[in-house]
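S.K.: Below is a structure I'd like to ask you about.
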Amino acid sequence: MDRSPEEYGAYWRASLRITAGALLAVGGYQFVGPLLRDPGLGTTLFGWLLFLLFLTVGSYFGVLGLARTIELATGG
275 MDRSPEEYGA YWRASLRITA GALLAVGGYQ FVGPLLRDPG LGTTLFGWLL FLLFLTVGSY
335 FGVLGLARTI ELATGG
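Per our numbering: the sequence shown = residues 275 to 350.
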């Protein structure tokens, strides 16, 4: 498999996007965990809203990285 240095760099950037997405999703849960355990309804709902935001952004970054990796692997 002959790859140019630019292609290797693109693979690294794509893998960093996937990692950033996973860290956002997991880190988001750790960040809003205290809000989810709070007995107040408003605080809990705000925690779920923040968690879904972190999960959405994390999934977006992960899918961008995965799509870029697949595009590079198939020669697109």
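Heads up, the beta-carbon is just placed ideally off N, CA and C, and yes, glycines get one too.
Tell me the DSSP secondary structure of S278 in three-state form.
M.R.: The answer is coil: DSSP assigns S278 none of H, G, I, E or B.
S.K.: Provide the residue span of the alpha helix (DSSP H) that contains G339, from first to last.
M.R.: Here the alpha helix (DSSP H) through G339 covers L315 to A347.
S.K.: Using a 10 Å radius around the Cβ and a threshold of 16 neighbouring Cβ atoms, would you call A347 buried or exposed?
M.R.: Its Cβ having fewer than 16 others within 10 Å, A347 is exposed.
S.K.: Looking at S289 and G339, is the spacing between their C-beta atoms short of 8 Å?
M.R.: Yes. Within cutoff.
S.K.: Any idea if R311 is buried or exposed, counting beta-carbon neighbours within 10 angstroms, 16 or more meaning buried?
M.R.: Classification of R311: exposed, given that the 10 Å Cβ count is below 16.
S.K.: Mind checking whether A296 and G332 have CB atoms under 8 Å apart?
M.R.: Yes; because the gap between Cβ atoms is below 8 Å, this pair is in contact.
S.K.: Relative to the C-alpha of G336, which residue among L298, P313 and G314 is closest?
M.R.: Comparing Cα-Cα distances from G336 to each of L298, P313 and G314, the minimum goes to L298.
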